[in-house]
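This report refers to the structure that appears directly beneath it.
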Ligand SMILES: *Cc1c(COP(=O)(O)O)cnc(C)c1O
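Set out below in structure tokens:
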């Protein structure tokens, strides 16, 4: 496909998602500008991210190392905010802390401590969201996240680590269940975290299939990939 037709395709998807975000915000009595769109670019080439940047996107999400780091290095000339949204093994925390601006998937003390140590070594500050497992009956499903009753304590830990800034909470709606109640539980966890950390205002929730429900529940950030960029090849 030519660059100009790919650009047109992305512009169409992006325009539709932006309008839908604005409608969902207004329907919830919120300001459209209060919802940040993070475009999840995993599996898509760096050239697509350049086109997104030309179309005004500044927040992008990736879920795998080293794919994320390779793209961040190739696009270092752009003013992008890189969100790491995938499950992160502790042994990859070091490299990820060298390019991620926000790690949305912090789900253990051990990971937080490794990220903090690596951020300090790199002379960087990394924003962190505590990922809550919104499907506690199915912890083995592999979507990651801390048990809901441990989220507040993990937030305290993150907030106490030099090199990290606690920004809020993140969640992924459980497969095959209605999303709205899960997002409401995440919003409640976000409020709980803010009792001790009033600045941790971020609630990252909602993907292509459920971002309107997330916005209704109070999401400040939605993570949308396929609705903008098209179908991904099947993920491993
Ligand atoms: C892939 C991914 C998304 C985006 O999913 P789409 O359905 O393509 O919008 C959002 N969040 C996380 C954590 C992801 O891994």
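In my numbering, the protein residues as written are 5 to 240.
Glycine included, every Cβ here is placed at the ideal spot set by N, Cα and C.
Please read these numbers as outputs of a predicted model, since none were measured by experiment.
Would you list the one or two residues that DSSP bridges to residue i?
i, result
"residue 132", "107 and 170"
"residue 150", "136"
"residue 48", "According to DSSP, residue 48 bridges with nothing at all."
"residue 225", "40 and 208"
"residue 87", "65 and 106"
"residue 175", "136"
Does the beta carbon of residue i fall short of 6 Å from some heavy atom of ligand 1?
i, result
"residue 91", "no"
"residue 106", "no"
"residue 227", "yes"
"residue 137", "no"
"residue 230", "yes"
"residue 28", "no"
"residue 212", "yes"
"residue 44", "yes"
Count the other CB atoms, across all protein chains shown, that sit within 10 Å of the CB of residue i; report buried if there are 16 or more and exposed otherwise.
i, result
"residue 216", "buried"
"residue 166", "exposed"
"residue 29", "buried"
"residue 207", "buried"
"residue 39", "buried"
"residue 200", "exposed"
"residue 151", "exposed"
"residue 214", "buried"
"residue 115", "buried"
"residue 35", "exposed"
"residue 234", "exposed"
"residue 74", "exposed"
"residue 118", "buried"
"residue 58", "exposed"
"residue 172", "buried"
"residue 236", "exposed"
"residue 240", "For residue 240, the pLDDT reaches just 47, beneath the cut-off of 50, and the residue's location in the model is therefore unreliable, although a value from the coordinates is still provided. Answer is exposed; the Cβ neighbour count stays below 16."
"residue 5", "exposed"
"residue 7", "exposed"
"residue 243", "The displayed coordinates of the chain run from 5 to 240. Any statement about residue 243 would go beyond what the structure contains."
With a threshold of 7 Å between beta carbons, is residue i in contact with chain C?
i, result
"residue 164", "The chain inventory of the structure shown lacks chain C, comprising one protein chain alone."
Between residue i and residue j, which are expected to be in contact by the criterion C-beta below 8 Å, what is the C-beta distance as a whole number of angstroms?
i, j, result
"residue 50", "residue 78", "5 Å"
"residue 108", "residue 89", "5 Å"
"residue 232", "residue 226", "Contact doesn't hold; Cβ gap of about 11 Å is too wide."
"residue 41", "residue 14", "Rounded, the Cβ-Cβ distance is 13 Å, inconsistent with contact."
"residue 111", "residue 87", "Rounded, the Cβ-Cβ distance is 15 Å, inconsistent with contact."
"residue 45", "residue 19", "About 17 Å; that fails the 8 Å criterion."
"residue 221", "residue 177", "That belief does not hold up - the Cβ atoms of residue 221 and residue 177 are roughly 10 Å apart, past 8 Å."
Going by the C-beta, is residue i closer than 6 Å to any heavy atom of ligand 2?
i, result
"residue 67", "The model depicted lacks ligand 2 and carries ligand 1 instead."
Using 8 Å as the Cβ pair cut-off and three pairs as the minimum, do the region 15-33 and the region 195-209 touch?
Per the Cβ contact rule, the region 15-33 is not in contact with the region 195-209 (fewer than 3 Cβ pairs under 8 Å).
Do the region 163-183 and the region 122-130 make contact, defined as three or more Cβ pairs closer than 8 Å?
Counting Cβ pairs under 8 Å, three or more are found: they touch.
Touch check for the region 129-143 and the region 185-204: three-plus C-beta pairs under 8 Å?
Output reads yes: the region 185-204 touches the region 129-143.
Assess, as a yes-or-no matter, whether the region 154-163 is touched by the region 88-102 under the definition of 3 or more beta carbon pairs within less than 8 Å.
Short answer: they don't touch.
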